[in-house]
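> Take a look at this one; I'll ask things after.
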Amino acid sequence: MGYELYYEGRITFDRPVRLARPDEEDCLSGLARFFTPVFEQAEGTSTGRYVTGFQVEEEPADWAKSWPWHEDFVAIEEFARCHQVTLTAQLRWQGDGCPSNPADDRGHVVFDVHGEHHQVPDSSNNDQAVEAHRRRSCTCYGDPAPHPTPAPSPAPVPELLDVADFNDARLDEDENVARAVSGATVIGEPGAWQSSPTGDEWEAHSSDHHDEELLVALRPGLPRPPEVMSGQWGAVVAATPDPADPDADSPMPALVHAARHDPARVLAEVQAKRLFNESWRQLIAEIDSESHPERKQRLTAIRQGLDRTAFHLAAAHHKHPDYRPEWRM
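In short: position in the sequence shown from 1, add 32, done, that's my numbering.
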C-alpha cells in the first residue's frame, strides 16, 4: 500500500474569523477531507458564530497517503492567508514506516512564518530544531530561507478599514459633544468672573455667597475670558463645605478633572487621533497598490504595529453596540 500517515488534534487561529454570509460557512465545511471547522458562538453576525480553527474529524480521518493530508493542509493554509490569520497547531502525526528509530516516524506539526506546515519528528524535537522549522531555515520546502517574511497581519484589509471607520465615528461623536459644550451658555453674568487665589484659574459664581463654582480652566497664565456669555467651558460643583458634614469629600478632584478635560483638550486629542487614523488608512492603501514584493513586505511590517494601536483605540469603546468582539487583542 505504500507509506501512510495519520493525524490527530486541531489547528487554531490567532483570532476568530467572521464570515460575512451563511454560504461562506457552507463552503467552509467542504474545504478539507479530514478536518472540520471549529466554531464559536457570537452575537451580531449573519451566521451567529465565528470560525476559530479546524480539527481532525475522527470519522473520516484514517490512515491515508500523504498527498490527501497535504491537500487539506494547503486548503487550510490558503484560507488563513485569505483572512490573514496566524495558524497554531496542536497536532500529532504518526507514520506506518519501520525506521530503526521509531521516533523518526512520529511527531508534531508546526507552522512557519509563511503559514505552511512542517512535520517535526520526535527524534529532533528540541527548541533549536522547532525554531528552525518556524523560521523556515530547514529543508522541508527546499533550501533554507535566510530572511523569513513577517507573520501575517492581525486582520484582513476590509476589517482594518472597518476598525478605521469605527474609530472615526467615535472621534466624530467626541468632537460634536466638545463643540456643543464649548458653545453653550454657562452660569454667571459679565463681570462675575474672578481669579482664584493661586491665579491659575478663572471662576464664576451663581450667587453673592459663592456657594456654587464654575471652573473654566486650570492652567498657569490663562487669560481672563472677555465675557461669560461667550460659552466658556466649566463644571458646576458645590464649593462650600457642608457644616453638617465636615468630612465630606472635597470638590477639588472634580474641579481638576473638569479642567484637564475641557473641550479644547478634547478637540486637540481628536485631531491627533484623526491624523493617526488618516496615516494608517494611507499606509493600508499604499500596501494594497504596491507591486514590489520587498517594499510591500517592509510596509506591511510597519503597518502591523499601527494595526495594534488602532485595535487598542477601538477597544476603549468596547461597550459601543458597533464594536466587534473579534477586535479585542
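Each residue gets a CB set at the ideal place from its N, CA and C atoms; glycine is no exception.
Please read all numbers here as calculations on a predicted model, not as lab measurements.
Let me know the secondary structure DSSP gives Q116 once reduced to three states.
Here residue 116 is taken as the residue at index 84 of the sequence shown, counted from 1. Three-state result, Q116: coil.
> Might you give, ordered along the chain, the residues of its own chain that have their beta carbon closer than 8 Å to the beta carbon of R335, omitting 5 neighbours on each side?
Against the sequence shown, residue 335 aligns to sequence position 303. The residues are S185, W312, L315, I316 and I319.
> In chain order, what residues of the same chain lie with their CB nearer than 6 Å to the CB of L63, ignoring the 5 residues before and after it?
As a first step, residue 63 is located in the sequence shown; it is residue number 31 there, counting from the start. Excluding residues within five positions, the ones whose Cβ falls inside 6 Å are A107.
> Which residues does DSSP list as the beta-bridge partners of G127?
Residue numbering aside, residue 127 sits at position 95 when the sequence shown is read from its first letter. For G127, which the question treats as bridged, DSSP gives the partners L37.
> Mind checking which residues open and close the alpha helix (DSSP H) that includes R166?
Your numbering for residue 166 matches position 134 in the sequence shown. Unbroken alpha helix (DSSP H) run through R166: D159 to R166.
> Please state whether DSSP places H344 in a helix, a strand or coil.
Looking up residue 344 in the sequence shown gives position 312. The answer is helix: DSSP assigns H344 an H, G or I state.
> Measure the CB-CB distance between T118 and F45 and report whether it falls below 9 Å.
As a working mapping, residue 118 is identified with position 86 in the sequence shown. As a working mapping, residue 45 is identified with position 13 in the sequence shown. Going by C-beta atoms, T118 is nearer than 9 Å to F45.
> Exposed or buried, which one is W99 when buried takes at least 16 other CB atoms within 10 Å?
Counted from its first residue, the sequence shown places residue 99 at position 67. With fewer than 16 other Cβ atoms within 10 Å, it is exposed.
> Candidates L123, R50, E163 and G41: which alpha carbon is nearest D194's?
Translated into the one-based positions of the sequence shown, residue 194 becomes position 162. Checking every option, the nearest Cα to that of D194 belongs to R50.
> If distances are taken between C-alpha atoms only, which option among L123, A346, A342 and E148 comes closest to R113?
Looking up residue 113 in the sequence shown gives position 81. That would be E148, whose Cα lies nearest to the Cα of R113.
> Specify, as a first and last residue, the run of the beta strand (DSSP E) that V88 falls within.
Stepping through the sequence shown from its first residue, residue 88 is reached at position 56. Element bounds for V88: R81 to V88.
> Taking its Cβ as the centre, do 16 or more other Cβ atoms sit within 10 Å of C59, making it buried, or is it exposed?
For the purposes of this step, residue 59 is taken as the residue at position 27 of the sequence shown. Counting Cβ neighbours within 10 Å, C59 comes out exposed, since fewer than 16 surround it.
> Could you check the C-alpha separation between D55 and D128 for me, to the nearest Å?
For the purposes of this step, residue 55 is taken as the residue at position 23 of the sequence shown. For the purposes of this step, residue 128 is taken as the residue at position 96 of the sequence shown. In a straight line, the C-alpha of D55 is about 38 Å away from that of D128.
> State the start and end residues of the unbroken alpha helix (DSSP H) segment that holds F308.
Within the sequence shown, numbered from 1, the residue matching residue 308 stands at position 276. From DSSP, the alpha helix (DSSP H) with F308 extends over P295 to S321.
> Pull up the DSSP beta-bridge partners for F71, would you.
On the sequence shown, position 39 is the one that residue 71 refers to. For F71, which the question treats as bridged, DSSP gives the partners V83.
> Under three-state DSSP, which class holds P353?
Taking the sequence shown and counting its residues from 1, one reaches residue 353 at position 321. Of the three classes helix, strand and coil, the one that applies to P353 here is coil, per DSSP.
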